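**Student:** Okay, here's the structure, questions in a sec.
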């Protein structure tokens, strides 16, 4: 895929970018390793001051950055603004907490016959980040803020359709005061990722993206014995039980499915409803889904913009067509918009069966699959009948059911009576083919640290 | 050894009680200023440590970099030279790509390894600005490399030295 900004709302190519040459890449790697030697000598206090300045820049430039993202990948400008705000908040979280999260861990010195024994967190060095276009700022900051605060240096290989956001991120942290080369954007295609992972100057890799991309990166990292964190796809279940607040559940279900034009790994994709309230939930859900405003994502009133790529819309269409051909029922939406741009309307599909691709595959667009079950146990079984395990949602006001869902839903996160989302304070990641490792919270900043055991003998 | 110095004038009057760096940067009274002398700016060099922030990151190449690539690396960087580091980030030497003989046996596809010169002007990161300046004078160098146990961190240029002095302790302008 060529590196370019293409407006998904019109299909127009706005700006093309050249890939960096091999010698430019070489020079970025040399700079990265030298900067990592500098950064490990700086104090938390110094890095916090820089990180806070980065947060201030994000706040001050919120509108410009939001419009840039909307132009590159089509998310509604109001959601883009919220993303920039979230990035500033995430940066401040790590500016404030990094020192405590990476404080030395005391150990029982006497028990190991030492004068002193403890474990300390040290940065690993240069970390490659391979990032997707769907949250083009947040996915990157989620890695960069803890990474830089730990004293690591980042190299960003961003998705080819968000080069302007990539370049902005490549400058943001140095503008905020971090040494040159602390976080560099590498404009290059995916084919060159392998050689960068293999480079001896790169210590580790983190990827957020598709399953095949994760498998490829994880395989090379494994062969090179370099740590990796993979955050991949998801097909989150959204379970609704009779005791739930149905109106609230239907409203949140709509947001959970259509946020980011339906292109989120933690979007709820499979809606599993108890038969006692299925008709009622379905009616309210379809009402909410149909009421969303679709249109130019740069307009404040727009809820749902276009899908980010033409091929992405083709994939969504194919999945819906396959389900319909095998007997599924479309309750709303289901037809692409004619005219320019890659729009696809909010769609609800019911009567899904295991033969349909939608039953197992992730739908990366605003298409909800509806299922009916007779019990909480049946809901759990259906929710877990997937290769994915990122997030899970359950709506119930019954305590026994709540405990059952918390214990038995197989996922990296379970949210009860609320939408699955990420917070800097909470670990984020998946199981099964949704990936491994955790981002955010203490785990996120420790992921790329060497936990060095220190043992000092008695004199 | 104490961390702070008391300056007493006639009759035991305490004029100032401060760290050496602060004393030199901000003499509290005319007496203190007179006492420490007119060259207090220069003396501050000895009590001001090098910081990562003071360093300039020059163009960097590895021994395997070709002559042509090295020329590109310095082009537009405002310097005629580049430092040579290995893949572990250790300092190996320096080169001036503009002076490499392209017609020589190596040609433009030859690597910089054969043009590399040793870099003697170097100081550890925990040295003072005075040590860096002294190193620069001793080797008649335009800049000095700063290292952390062999790991290259960047270089100090005369401009950076001056900026570091200005930054240190409140940052009033220092006549150098």
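Chains as they are written, first to last, in the working numbering: chain A, 2 to 460; chain B, 115 to 290. Using N, Cα and C, we set each Cβ at its ideal position, and we do this for glycine too. Bear in mind the structure is a predicted one, so any value in this text is a computation, not a measurement.
1. Between the stretch 118-131 of chain A and the stretch 65-72 of chain A, are three or more C-beta pairs nearer than 8 Å?
2. Roughly how many angstroms lie between the CA atoms of residue 276 (chain B) and residue 155 (chain B), to the nearest whole one?
3. Using a C-beta to C-beta distance shorter than 9 Å, which residues of chain B count as neighbours of residue 148 (chain A)?
4. Could you please give the first and the last residue of the uninterrupted beta strand (DSSP E) stretch that includes residue 131 (chain A)?
5. For residue 146 (chain B), tell me which candidate among B:192, B:178 and B:124 has the shortest Cα-Cα distance.
6. Between the C-alpha atoms of residue 274 (chain B) and residue 162 (chain B), what's the straight-line distance to the nearest angstrom?
7. Anyone know if the C-beta pair for residue 70 (chain A) and residue 166 (chain A) falls short of 8 Å?
8. Assuming residue 394 (chain A) is part of the beta strand (DSSP E), what are its boundary residues?
9. Can you give, in chain order, each stretch of the alpha helix (DSSP H) that sits fully within the stretch 412-455 of chain A and has at least 4 residues?
10. What does residue 169 (chain B) reach in chain A if we use C-beta pairs closer than 8 Å?
11. What does residue 129 (chain A) touch in chain B if you count any residue whose Cβ is under 7 Å from its own?
12. Got a sec? Which residues, its chain only, sit under 7 Å from residue 1 (chain A) by beta carbon, not counting five neighbours each side?
13. Report the start-end ranges of each beta strand (DSSP E) in the stretch 243-296 of chain A that is 3 residues or longer and not cut off at the edges.
14. With DSSP as the reference, label residue 272 (chain B) as helix, strand or coil.
15. I want to verify the contact list: residues of chain A whose CB lies under 8 Å from the CB of residue 176 (chain B), in sequence order.
16. Mind checking who residue 2 (chain A) pairs with in its DSSP beta bridge?
17. Would you call the stretch 323-335 of chain A and the stretch 223-232 of chain A in contact, with 3 or more CB pairs under 8 Å?
18. Return the chain-ordered ranges of every beta strand (DSSP E) run that is complete within the stretch 238-272 of chain B and spans a minimum of 3 residues.
19. If you check the beta carbons only, do residue 202 (chain A) and residue 33 (chain A) fall under 8 Å apart?
20. To the nearest angstrom, report how far apart residue 247 (chain B) and residue 153 (chain B) are at their CA atoms.
21. Express the C-alpha separation of residue 239 (chain B) and residue 169 (chain B) in angstroms, rounding to a whole number.
22. Over what stretch of residues does the beta strand (DSSP E) that includes residue 199 (chain B) continue unbroken?
23. Between the beta-carbon of residue 245 (chain B) and the beta-carbon of residue 237 (chain B), is there less than 8 Å?
24. For residue 355 (chain A), is the classification buried or exposed, using 16 other Cβ atoms within 10 angstroms of its Cβ as the cut-off for buried?
25. Please confirm if residue 59 (chain A) has its CB atom under 8 Å from at least one CB of chain B.
**Tutor:** On the basis of the data shown:
1. They do not touch, by the three-pair rule.
2. Indexing the second chain from 1 puts residue 276 (chain B) at position 162. Indexing the second chain from 1 puts residue 155 (chain B) at position 41. If you draw a straight line from the Cα of residue 276 (chain B) to the Cα of residue 155 (chain B), it is about 10 Å long.
3. As a first step, residue 148 (chain A) is located in the first chain; it is residue number 147 there, counting from the start. Here the premise fails: no neighbours, minimum Cβ distance about 17 Å.
4. Here the question's residue 131 (chain A) lines up with position 130 in the first chain. Counting along the chain, the beta strand (DSSP E) containing residue 131 (chain A) begins and ends at 127-131.
5. Residue mapping note: residue 146 (chain B) aligns to position 32 of the second chain, counting from 1. Distance check between residue 146 (chain B) and each of B:192, B:178 and B:124 places B:124 closest, using alpha-carbon atoms only.
6. In the second chain, the residue the question calls residue 274 (chain B) occupies position 160. In the second chain, the residue the question calls residue 162 (chain B) occupies position 48. Straight-line spacing of the CA atoms in residue 274 (chain B) and residue 162 (chain B) works out to 13 Å.
7. Translated into the one-based positions of the first chain, residue 70 (chain A) becomes position 69. Translated into the one-based positions of the first chain, residue 166 (chain A) becomes position 165. It is a contact, given that the beta carbons lie within the stated cut-off.
8. Taking the first chain and counting its residues from 1, the one referred to as residue 394 (chain A) is at position 393. 392-396 is the span of the beta strand (DSSP E), which, as asked, contains residue 394 (chain A).
9. Those alpha helix (DSSP H) runs which fall completely within the stretch 412-455 of chain A and span 4+ residues are 442-447.
10. To locate residue 169 (chain B), count along the second chain from 1; it is residue 55. Listed along chain A, the residues sitting closer than 8 Å to residue 169 (chain B) by beta-carbon distance are 39 and 180.
11. One-based indexing of the first chain puts residue 129 (chain A) at position 128. Correct list: empty, because the minimum Cβ distance to chain B is about 15 Å.
12. A query on residue 1 (chain A) cannot be resolved here, the shown segment of chain A reaching from 2 to 460 and no further.
13. For the stretch 243-296 of chain A, whole beta strand (DSSP E) runs of length 3 or above, ordered along the chain, are 269-275.
14. As a first step, residue 272 (chain B) must be located in the second chain, where it is residue number 158. In the structure shown, residue 272 (chain B) adopts helical secondary structure according to DSSP, grouped into three states.
15. Locating residue 176 (chain B) in the second chain gives position 62, where the first residue counts as 1. Contact of residue 176 (chain B) with chain A by beta-carbon distance below 8 Å involves 27 and 31.
16. Sequence index remark: in the first chain, residue 2 (chain A) carries index 1 (1-based). For residue 2 (chain A), which the question treats as bridged, DSSP gives no partner whatsoever.
17. Verdict: no, contact absent.
18. Fully contained in the stretch 238-272 of chain B are the following beta strand (DSSP E) runs of length 3 or more, in chain order: 258-262 and 265-270.
19. Counted from its first residue, the first chain places residue 202 (chain A) at position 201. Counted from its first residue, the first chain places residue 33 (chain A) at position 32. For the pair residue 202 (chain A) and residue 33 (chain A), the CB atoms are nearer than the 8 Å cut-off.
20. Here the question's residue 247 (chain B) lines up with position 133 in the second chain. Here the question's residue 153 (chain B) lines up with position 39 in the second chain. The straight-line gap from Cα to Cα measures roughly 16 Å.
21. Position 55 of the second chain holds residue 169 (chain B). Position 125 of the second chain holds residue 239 (chain B). Rounded to whole angstroms, residue 169 (chain B) to residue 239 (chain B) spans 10 Å at the Cα level.
22. Here the question's residue 199 (chain B) lines up with position 85 in the second chain. Its beta strand (DSSP E) spans residues 196-199.
23. Position 131 of the second chain, counting from 1, holds the residue named residue 245 (chain B). Position 123 of the second chain, counting from 1, holds the residue named residue 237 (chain B). Yes.
24. Along the first chain, read from residue 1 onward, the residue named residue 355 (chain A) stands at position 354. Residue 355 (chain A) counts as exposed, since fewer than 16 other beta carbons sit within 10 angstroms of its beta carbon.
25. Here residue 59 (chain A) corresponds to residue number 58 of the first chain, with the count starting at 1. The beta carbon of residue 59 (chain A) does not come within 8 Å of any beta carbon belonging to chain B, so the residue lies off that interface.
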